[in-house]
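Undergrad: Quick note on numbering: the working numbering labels position 380 of the sequence shown as 1374, and the sequence is numbered without any gaps.
Every residue gets a Cβ at the ideal spot worked out from N, C-alpha and C, and that includes glycine.
After the structure tokens below, expect a handful of questions from me.
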Amino acid sequence: VRSLRRRELNTYRSKLSIWSSPFTIVRYFSVYVYNWLKDAISSLLGNRALMASILAVVGVVISAYSIDGPLKTKLRGAEAIILWYGWWVLLGIASSIGLGTGLHTFVLFLGPHVAKVTLTAYICNGLDFEDRGAQSFVCHSTPTGPPPSVFEIYDKVKYAVFFWGLGTSIGELPPYFIARAAAIAGRDDPDFVSIERILEKRPENRAFSERMQVMMYMVMQNLGFFGILLCASVPNPLFDLAGIICGHFSVPFIKFWGATFIGKAMIKNTLQSFSLVILFSEGVLDGILTALRNRIPILHDLAQTALNGQLRQFANPSAVSDEPSSIFSIIWNMIIAGMVGYFALSLVEALAIQELRRQHEIEIINLKSDSDEPAEPSPESSLVESVAEVSPLILET
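Next up, the structure:
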């Protein structure tokens, strides 16, 4: 009965989406947020030591901000640094969290930032400019000497790149923990077909996603830590499967996240960002524009116009502040808004379905409890038992 009911509920959840059932999704999302806030407040109030520590830190910070002096200036600087690199961590988490619904923040944010720093470095003929704040990307000195090397340019963005990579490694943890909790509870993750079931099928009968799961499983089984490191070190949209497989087979957390952290925060994002610095360096960029002019003139004109606009803005931001936005900028902003909106809706849908799954698990547990209770005897059975007990006495008499 439990297995049948579980399959019915899984089928019901699989058909839910924010497009087909928006009111249902919003309702369960609201329940999820309410329960999360209630649990967080209860946990915080129940831990007096943590509550006292938070209040003490808040009190010290407020007192320090209220007093003018060098300490306030240092706190402002520390606050700006924490917010800046915390922003990149959050963008990294958003890029990898979820099962295929992550926001591609490298393309939308980190990549353009690295490109902007590279172009500004060649305009300023050096690295004497800020990459954040009100006066960002403004040359502070007259260009003299040779242009900076790609290694010097990458050195200016390395911390933003690292913290973004750290965020992507953190975003890979939810599938691992979900699959591990499901394995400990003795059931399969509804979002993941058990690898044992897939291996029972003939290779020609396996779907494409199942073949990818088998491939990831074989790589990690044969190479262990280095298999996880290999999967994390290359652009791999199926890395969520690696986390699910590792959680399903109870791979130690340190082994999984250690390999993921090294691969994503220290190898993959470094190679991606360094390649972008090379791509936007003077010689390479000029070669690309020349090739476009010779082969695709229309695309060259669009690229050259967009590039010239950005270069003018970097060189003199105040001179172009009143100019209307270009078509390229408008389209790019619309793409960013659309992708951010889609990510937000996908996140709401995922959290709502997670809350619904929690309620369904409670229903299945209650169903098991009800089925385990002994049935209440009927009057007929009570009468038969009474006769059976009295019959031996009559025979003895």
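Check the C-beta distance from I1012 over to V1342 and give it rounded, since I have them as a contact under 8 Å.
TA: That pair is a contact at about 6 Å.
Undergrad: Would you list the residues sitting across from S1130 in a DSSP beta bridge?
TA: E1124
Undergrad: Taking the straight line between their C-alpha atoms, what separation do you get for P1140 and G1335?
TA: Cα to Cα, P1140 sits roughly 44 Å from G1335.
Undergrad: For a quick check, are the C-beta atoms of G1237 and P1291 less than 8 Å apart?
TA: no
Undergrad: Are the region 1235-1250 and the region 1119-1139 in contact at 8 Å, needing three or more beta carbon pairs?
TA: no
Undergrad: Jot down the residue ranges of each uninterrupted alpha helix (DSSP H) in the region 1063-1099, minimum 4 residues, whole runs only, in chain order.
TA: Counting whole runs of 4 or more residues, the region 1063-1099 contains the alpha helix (DSSP H) stretches 1064-1090.
Undergrad: Can you tell which of G1221, I1172, N1004, R1191 has the C-alpha that lies nearest to the C-alpha of S1244?
TA: Answer by Cα proximity: I1172.
Undergrad: Around the Cβ of S1267, are there at least 16 other Cβ atoms within 10 angstroms (buried) or fewer (exposed)?
TA: buried
Undergrad: Is the beta carbon of F1337 sitting closer than 8 Å to the one on A1088?
TA: Yes, Cβ-Cβ distance for F1337 and A1088 is below 8 Å.
Undergrad: Could you tell me the alpha carbon to alpha carbon distance between L1102 and G1086, rounded to whole angstroms?
TA: 11 Å
Undergrad: Indicate the three-state DSSP secondary structure (helix, strand or coil) for K1195 in the structure shown.
TA: coil
Undergrad: Taking just the CA atoms, how far does F1131 sit from Y1059?
TA: 29 Å
Undergrad: The alpha helix (DSSP H) with V1101 in it runs from where to where?
TA: Here V1101 belongs to no alpha helix (DSSP H), and DSSP marks it neither H nor E.
Undergrad: Can you tell me the Cα-Cα spacing of R1205 and F1233, whole angstroms?
TA: Each residue's Cα considered, the two are about 14 Å apart.
Undergrad: Just the C-alpha distance for E1276 and D1125, rounded to the nearest angstrom, thanks.
TA: 19 Å
Undergrad: For S997, name the three-state secondary structure that DSSP assigns.
TA: helix
Undergrad: Can you give me the C-alpha to C-alpha distance between G1257 and Q1207, rounded to a whole angstrom?
TA: 20 Å
Undergrad: With distance defined between alpha-carbon atoms, name the residue in F1145, N1288, M1328, A1253 nearest to I1272.
TA: F1145
Undergrad: Measuring alpha carbon to alpha carbon, tell me which of W1030, G1221, N1360 ends up nearest A1346.
TA: W1030
Undergrad: Determine whether the Cβ of D1125 lies closer than 8 Å to any Cβ atom of chain B.
TA: Considering every chain present, this structure includes no chain B. It has just one protein chain.
Undergrad: Should T1067 go down as buried or exposed, given a rule of 16 or more other Cβ atoms within 10 Å for buried?
TA: exposed
Undergrad: Return the Cβ separation of I1358 and R996 in integer angstroms, given the expectation that the two are a contact with Cβ distance under 8 Å.
TA: 6 Å
Undergrad: Let me confirm a value: I1178 is counted as buried when at least 16 other C-beta atoms fall within 10 Å, else exposed. Which label applies?
TA: It counts as exposed.
Undergrad: Taking C-alpha atoms, which residue in V1111, T1099, L1167 lies nearest to M1333?
TA: Per the Cα distances, T1099.
Undergrad: In this structure, how does DSSP classify I1282 when only helix, strand and coil are distinguished?
TA: helix
Undergrad: Look at the Cβ atom of A1109, then the Cβ atom of F1247, and state whether they are nearer than 8 Å.
TA: Against a cut-off of 8 Å, the Cβ pair of F1247 and A1109 comes out as no contact.
Undergrad: So, using beta-carbon positions, are H989 and V1151 closer together than 8 Å?
TA: Because the chain in this structure spans residues 995 to 1391, residue 989 falls outside the shown range and cannot be described.
Undergrad: Any idea what DSSP makes of L1038, helix, strand or coil?
TA: If DSSP states are grouped into helix, strand and coil, L1038 belongs with the helices.
Undergrad: Classify F1156 as helix, strand or coil using the three-state DSSP reduction.
TA: Reduced to three states, the DSSP call for F1156 is helix.
Undergrad: Do L1361 and P1001 count as a contact pair if the criterion is CB distance below 8 Å?
TA: The sequence given here has Arg at residue 1001, not Pro. Taking 8 Å as the Cβ cut-off, R1001 and L1361 do not qualify as a contacting pair.
Undergrad: Give every residue of the same chain whose Cβ lies closer than 6 Å to the Cβ of S1163, excluding the five residues on either side of it in the sequence, and list them in chain order.
TA: T1254, F1255, K1258, A1259
Undergrad: What are the boundary residues of the alpha helix (DSSP H) that S1267 is part of?
TA: 1263-1273
Undergrad: P1168 lies in the alpha helix (DSSP H); which residues open and close that run?
TA: In the DSSP assignment, P1168 falls within the alpha helix (DSSP H) that extends over 1167-1178.
Undergrad: State the DSSP-derived secondary structure class of E1370, mapped to helix, strand or coil.
TA: Confidence at E1370 is low in this model, with a pLDDT of 48, below 50, so the placement of that residue should be treated as unreliable; the coordinate-derived value is given next. In the structure shown, E1370 sits in coil (DSSP, three-state: anything other than H, G, I, E or B).
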